[in-house]
Amino acid sequence: MLPLTVELLALPKEVAQVRRMVEGDDVRLCVSELLTNVIRHVGEGTPVTVRVVAARGGRTRVAVTDPDPRVWPVLRVAADDAESGRGLALLEAVAARWGVDQGPYGKTVWCELGAER
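Using UniProt numbering, read the sequence shown as starting at 1 and increasing by one per residue.
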């Protein structure tokens, strides 16, 4: 199944389609959260590239690239009664590490799953 590279528009229906393309609950969770962040914070219909590849140390790297270098993800603590705001907390809980790489024409938000051996 790896590597996987998909170019698409960030739309809610695409989240489910990309989830079906990957294996593993944690990978599916990370793909969902990263795509949903683009939809909510950059804008529905934004062109994105989703990559899922094998990384060093037996890890799986999930990366979503979008064209807006200004809107960066921020890890927040959601209130108990909040209906949203837990996406990055979930990502941080399952990922070995995560981050943002800024490029000249956008940014890539990524995470790595699985422990180094």
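Every residue gets a Cβ at the ideal spot worked out from N, C-alpha and C, and that includes glycine. Quick caveat: nothing in here was measured; it's all calculated off a predicted structure.
Task: Spatially closest choice to E33 from G103, V53, G114 and W98, by CA coordinates - done: W98
TODO: Let me know the secondary structure DSSP gives W71 once reduced to three states.
DONE: A quick correction: the sequence has Val, not Trp, at residue 71. Correct three-state label for V71: coil.
Task: Per-residue burial, G57 [other beta carbons within 10 Å of its own, 16 or more giving buried] - done: exposed
Open item on the list: Just verifying my parser: in three-state terms, what is the DSSP assignment at V22?
Closed with: coil
Open item on the list: Tell me the rounded alpha-carbon separation between Y105 and G45.
Closed with: 17 Å
Open item on the list: Tell me the rounded alpha-carbon separation between R61 and V18.
Closed with: 15 Å
TODO: Rounded to whole angstroms, what's the CA-CA distance from V48 to A89? Just pull it up for me.
DONE: 22 Å
TODO: Express the C-alpha separation of L2 and V53 in angstroms, rounding to a whole number.
DONE: 6 Å
Task: Cβ shell of I39 (< 8 Å), same chain only, five flanking positions each side left out - done: A10, L11, P12, V15 and T46
- [ ] Tell me whether P47 sits in a helix, a strand or coil according to DSSP, three-state version.
- [x] strand
Open item on the list: Which same chain residues end up closer than 7 Å to A96 when comparing Cβ atoms and leaving out the 5 residues on each side of it in sequence?
Closed with: R59, E112, L113, G114 and A115
Task: R61 (DSSP reduced to helix, strand or coil) - done: strand
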